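Heads up: take any position in the sequence shown, counting from 1, add 695, and you land on this note's numbering.
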Amino acid sequence: MSLLIKKFGGTSVGDINKIKKIAQQIIESREIGHDIVIVVSAMGDSTDNLSELAKSISKNPSKRDFDMLLSTGEQVTIALLSIALNEFGVPAISMTGSQVGIITESVHGKARILDIKTERIKDYINQGFVVIVAGFQGAYLSHNGSMEITTLGRGGSDTSAVALATALYAESCEIYTDVCGVLTTDPRIVKNAKLLERISCEEMLELASVGASVLHPRAVEIARNYGTKLYVKSSEKEQPGTLLESEIEPLKLNRGGLELTKTVNSLEILQNQVVIALSNLPDQPGIAAEIFEKLSQAKINVDLIIQATHEETRNDITFTVAEENLQEAIKQCDLIIDELGGTYSFTQNMSKLSIQGAGIMGRPSVSAELFETLSQANINVHLIATSEIKVSCVIDIRDINKAIRFVSDKFKLNSNQIYMNPSKKIRKEEPEVRGIALDKNQVQVSFRNLPDKPGVAASICLSLAESNLIFDTIVQSERSSKVNKKDISLTMSKEDRNNADETFASILKKLPGSRIEDGPSIAKVSAVGSGMAFKVGTAGKIFRALANQKINIEMIATSEIRTSCIVLEKDCDIAVKAIHDFFELDK
Ligand code: ADP
Ligand code: ASP
Ligand code: MG
696 MSLLIKKFGG
706 TSVGDINKIK
716 KIAQQIIESR
726 EIGHDIVIVV
736 SAMGDSTDNL
746 SELAKSISKN
756 PSKRDFDMLL
766 STGEQVTIAL
776 LSIALNEFGV
786 PAISMTGSQV
796 GIITESVHGK
806 ARILDIKTER
816 IKDYINQGFV
826 VIVAGFQGAY
836 LSHNGSMEIT
846 TLGRGGSDTS
856 AVALATALYA
866 ESCEIYTDVC
876 GVLTTDPRIV
886 KNAKLLERIS
896 CEEMLELASV
906 GASVLHPRAV
916 EIARNYGTKL
926 YVKSSEKEQP
936 GTLLESEIEP
946 LKLNRGGLEL
956 TKTVNSLEIL
966 QNQVVIALSN
976 LPDQPGIAAE
986 IFEKLSQAKI
996 NVDLIIQATH
1006 EETRNDITFT
1016 VAEENLQEAI
1026 KQCDLIIDEL
1036 GGTYSFTQNM
1046 SKLSIQGAGI
1056 MGRPSVSAEL
1066 FETLSQANIN
1076 VHLIATSEIK
1086 VSCVIDIRDI
1096 NKAIRFVSDK
1106 FKLNSNQIYM
1116 NPSKKIRKEE
1126 PEVRGIALDK
1136 NQVQVSFRNL
1146 PDKPGVAASI
1156 CLSLAESNLI
1166 FDTIVQSERS
1176 SKVNKKDISL
1186 TMSKEDRNNA
1196 DETFASILKK
1206 LPGSRIEDGP
1216 SIAKVSAVGS
1226 GMAFKVGTAG
1236 KIFRALANQK
1246 INIEMIATSE
1256 IRTSCIVLEK
1266 DCDIAVKAIH
1276 DFFELDK
């Protein structure tokens, strides 16, 4: 008999009637002949409510107590669903994370799953029970031998479900939710968002890590790594939903380190790159669109694009092109400067070094380790671009051999995993924008006036990683107005920012003269698509969509299959709609 794991999210188990309805649905699947393990979330908003209760007593409750509290939400649902199934005459058993044997790291709040002891659950399955597991939680054995409850991070029930499906070698894992699958964007923002029947794990990882809450990024990561078949479906209607597709050779289950698989799978080098920096541009809507449309019309393939935050009313935009495009790019830059004012400069003999894998930004230590490794090799990093599947650094071409040696050593990559100037195979069927995600829960933080020397980015990222603070969209810019000084901006969740004061203080102490600047209320709008890597001009179109709505872009960061724009919070919904319309994603 085939084993299915079905996960029902908070809204799908929001009241007693919904719980009874789900019980009926489970009975139907069972009658078809499947063995079934159910994973459930807490009912409706109950996790938020529990969190508010704690915050009404203390701004900073202990993480252990907080996990103790939040984990009770799921415990209510497993008991009620089990009561419902038993009432309908179907043998069911409810189990908490620790009863199942979901063993996590010994950290609270964002613990990763190390192992799932499957004996007990298999025993129940063999006896004909429907097993109902509390999502979002696990446990670890403390040094004095007691079991401590942990949670996996908000939205983590998806991860519980995919991890269970993987550990039990289930036929598939189905995530049931309040929408019909993964859509081109959040239907709460764009009503005519369209269902995606399939999406690659890479694209979903990028979308999930920048706000597409329909799947927890770590759930996608597990499915990708182990080849676990994963669907997202509607809990309301029986429909095929969305299938996630993994393009990698599945790994063997890593018992004892289920979520600790190797994050970095390859190293890629692009030689002969030129960094072009446009400085002192007007900071107003339409500037980025104007620039990248010009470059695109001239058929120049722009790789990284970085627009950092600015202290004054002028703006800097930096991008990279291949050396062969330099003459044409200079021609276009002359035209741009004539029209918009400002200046530009270019630096030849640059290379882009990228590490690739999955879950890179979800593990802040990975990018920190990359920057630290380069700094140990005394290599200065000129530009940085980060995303969930790739971190890139632009360095001098003369440092490249040393960088390859150090980085491949650090991430244990063999020569088959190192790609020099890989040619891009054009896959026509891949859309340049598959979906758009919005993350409103972000703040922007800038480190100003940093010394421009190797190791600065490493030191900041390492300190954040040590405190388990997750950051994204790290943008480093060399300020034209200040010699030997640079700024580093990044975005992080509001929650992590609230917990970061101490870490920030310790960072500044190590970097005399520097300071922290908290930005305005912002939102991150990200377009993701595998085809973006192969098409000229996608970024220009995204910027044009925003310019048409008179939306100013505060920060830009691109990666291979993702372009993120930081906009003011008030503009964010319009921004998502504008990009969705521009690329006709409803068609
Ligand atoms: P659950 O409680 O079932 O885990 P979530 O609220 O965590 O549900 O996730 C489902 C929600 O994710 C949807 O209601 C939708 O508003 C939001 N969402 C954001 N981006 C997307 C997307 N690209 N496709 C589908 N839903 C999305
Ligand atoms: N109940 C938890 C939350 O609200 C976990 C989940 O729903 O996935 O974040
Ligand atoms: Mg969810």
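Just so you know, even glycine gets a beta-carbon here, dropped at the ideal spot from N, CA and C.
Predicted, not measured: the structure shown is a model, and the values here were computed from it.
Less than 7 Å separating the Cβ of residue i from some heavy atom of the ligand PLP?
i	result
Ser1062	Summarising the ligand content, the structure contains the ligand ADP, the ligand ASP and the ligand MG and does not contain the ligand PLP.
Who are residue i's beta bridge partners in DSSP?
i	result
Glu869	Lys701 and Tyr926
Tyr1114	Glu963
Pro1059	Per DSSP, none; premise fails for Pro1059.
Gly1052	Val959
Cys1088	Leu1048 and Ile1079
Leu1035	Looking at the DSSP assignment, Leu1035 forms no beta bridge with any residue, so it has no partner.
Phe1041	Ile971
Asp1134	Lys1219
Asp730	Leu698
Ala829	Val735
Leu890	Leu878
Ala1017	Gln968
Where residue i and residue j are concerned, what is the direct C-alpha to C-alpha distance, given to the nearest angstrom?
i	j	result
Val1151	Glu1279	42 Å
Lys1245	Lys1219	17 Å
Pro882	Ala888	6 Å
Thr1038	Ile1211	27 Å
Leu1133	Ile1012	23 Å
Gly675	Ser991	Nothing about residue 675 can be reported from this structure: the residues present for the chain run from 696 to 1282 only.
Lys1148	Asn1075	6 Å
Ala718	Glu931	13 Å
Ser1062	Thr1198	17 Å
Glu782	Asp760	34 Å
Asn1163	Pro1059	7 Å
Gly792	Glu1067	37 Å
Leu918	Asn1096	According to the sequence provided, residue 918 is Ala. The question's Leu does not apply to it. Taking the straight line joining both Cα atoms gives about 35 Å.
Ser961	Ala1273	35 Å
Thr958	Ile731	31 Å
Val734	Ser852	7 Å
Glu1127	Ile995	16 Å
Arg1192	Ser751	19 Å
Ala912	Phe1166	Reading off the sequence, residue 912 comes out as Pro, not Ala. When rounded, the distance between both Cα atoms is 14 Å.
Give the DSSP-derived three-state secondary structure of residue i in the structure shown.
i	result
Pro1126	coil
Tyr921	helix
Thr845	strand
Ala1080	strand
Pro1146	strand
Met899	helix
Thr813	coil
Ile1202	helix
Val874	coil
Leu1263	strand
Asp1011	strand
Tyr835	strand
Val905	coil
Phe1106	coil
Gln1002	strand
Val997	strand
Pro912	helix
Ile1211	strand
Leu990	helix
Val885	coil
Gln934	coil
Measuring only between beta-carbons, confirm whether residue i sits less than 8 Å from chain C.
i	result
Val970	The structure shown contains no chain C; it holds only a single protein chain.
Exercise for review: Report yes or no: do the region 1225–1243 and the region 968–977 share at least 3 C-beta pairs separated by less than 8 Å?
Suggested key: Contact fails: fewer than three Cβ-Cβ distances are below 8 Å.
Review point. Is the number of C-beta pairs between the region 1094–1112 and the region 1252–1265 that are closer than 8 Å three or more?
Key: no
Review point. Which parts of the region 1232–1256 are runs of the alpha helix (DSSP H), unbroken and 4 residues or longer, counting only runs that do not cross its ends?
Key: Given a length threshold of 4 residues, each whole run of the alpha helix (DSSP H) inside the region 1232–1256 is given here in chain order: 1233–1243.
Exercise for review: With a floor of 4 residues, list each alpha helix (DSSP H) that falls wholly inside the region 742–808, ordered by position along the chain.
Suggested key: 758–782 and 792–795
Check your understanding: Within the chosen definition, does the region 1042–1055 reach the region 960–971 through at least 3 CB pairs nearer than 8 Å?
Key -> yes
Review point. Below 8 Å, can you find three or more Cβ-Cβ pairs linking the region 772–785 to the region 810–830?
Key: yes
Check your understanding: For the 8 Å Cβ check, are there 3 or more pairs between the region 921–936 and the region 874–881?
Key -> yes
Point to revise | Validate contact between the region 886–901 and the region 833–852 using beta carbons, cut 8 Å, 3 pairs | key: Too few Cβ pairs lie closer than 8 Å, so no.
Review point. Quick check: the region 1014–1024 against the region 1268–1275, are there 3 or more CB pairs under 8 Å?
Key: Segments in contact, no.
Review point. Three or more C-beta pairs closer than 8 Å, one from the region 843–861 and one from the region 749–768: is that the case here?
Key: yes
Review point. Are the region 805–812 and the region 845–865 touching, with three or more C-beta to C-beta distances below 8 Å?
Key: yes
Point to revise | Meets three-Cβ-pair contact criterion under 8 Å: the region 945–957 and the region 1078–1095 | key: Here the region 945–957 does not lie against the region 1078–1095, with fewer than 3 beta-carbon pairs under 8 Å apart.
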